[in-house]
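Asks: The structure follows.
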Amino acid sequence: MTPRIEILSEKKLIGKRVNMSLANNRTGELWQNFMPKRREISNKITNDMISMQVYKPTHFADFKPTNEFEKWATVEVTDFVNVPTEMETFSLAGGLYAVFDYKGSSNDPSIFQYIFGTWLPSSEYLLDDRPHFEVLGDKYKNNDPNSEEEIWIPIKPKK
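Okay, structure coming up:
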């Protein structure tokens, strides 16, 4: 699977977040909390949802399933004028990303094993210290083998 390389413009996001690790996965809880309230966000740009991970700079260099990170359930908005109660804002800085068009279950970790274990080491890029995210559009179906999503991995050229 070969990604497309894109330069992302800054995005304004509104949503909810939790601290979690792979060993203490709280993704279901986060989305169950976010989904009923997402209709309160009045200035959405699209109906796509964005699942975002904000990792510490050492997260992958010293990887353990117990490493904590922030997980966000968000949507992209035009501005931060009307932020619903219990929600937060996040400005996602632009930059270079490898974008993988993934078809399969969101519970199958093999795509990430491929990205970090095969594609990235053999590419002309290094992992950059910016948020990772998935765009969950009309073809996304949670835990379904026919689900489709875009996986955005922050990269920078090798020197």
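For the sequence shown, the positions run 1 to 159 when UniProt numbering is used. All C-beta atoms in this analysis are idealised placements derived from N, C-alpha and C, irrespective of residue type, glycine included. Values in this document were obtained by computation on a predicted structure and should not be read as measured data.
1. The beta strand (DSSP E) with residue 189 in it runs from where to where?
2. Would you mind sorting Glu73 into buried or exposed? The rule is 16 or more other CB atoms within 10 Å of its CB.
3. What runs of the beta strand (DSSP E), each 3 residues or longer, lie entirely inside the UniProt domain "AraC effector-binding" (1-156)?
4. Does the CB of Leu8 have a neighbour CB from chain C at under 8 Å?
5. Distance, Cα to Cα, Lys103 vs Asn146?
6. Going by the beta-carbon positions, is the gap between Ile14 and Val99 smaller than 8 Å?
7. What's the gap between the Cα of residue 163 and the Cα of Met20?
8. Based on Cα-Cα distance, which residue from Val54, Ser122, Asn142 and Met35 lies nearest to Asp129?
9. Between Lys16 and Val77, is the Cβ-Cβ spacing less than 8 Å?
10. Are the CB atoms of Glu10 and Ser123 nearer to each other than 8 Å?
Replies: Result, derived from the coordinates:
1. No statement about residue 189 is possible, as the shown extent of the chain runs from 1 to 159 and does not include it.
2. Sequence index remark: in the sequence shown, residue 73 carries index 73 (1-based). The sequence given here has Ala at residue 73, not Glu. Buried.
3. 4-8, 11-20, 49-54, 69-77, 88-92, 95-103, 125-127 and 132-136
4. Annotation note: the requested chain C is absent from the structure, which comprises a single protein chain.
5. Position 103 of the sequence shown, counted from the start, is the residue given in the question as residue 103. Position 146 of the sequence shown, counted from the start, is the residue given in the question as residue 146. When rounded, the distance between both Cα atoms is 6 Å.
6. Counted from its first residue, the sequence shown places residue 14 at position 14. Counted from its first residue, the sequence shown places residue 99 at position 99. For Ile14 and Val99, no; Cβs fall outside 8 Å.
7. Residue 163 cannot be examined here, being either before or after the span of the chain that is shown, 1 to 159.
8. As a first step, residue 129 is located in the sequence shown; it is residue number 129 there, counting from the start. Among Val54, Ser122, Asn142 and Met35, the Cα nearest to that of Asp129 belongs to Val54.
9. Residue 16 sits at position 16 when you count from the first residue of the sequence shown. Residue 77 sits at position 77 when you count from the first residue of the sequence shown. No, Cβ-Cβ distance for Lys16 and Val77 is not below 8 Å.
10. Working through the sequence shown from its first residue, we reach residue 10 at position 10. Working through the sequence shown from its first residue, we reach residue 123 at position 123. Not a contact, by the Cβ cut-off of 8 Å.
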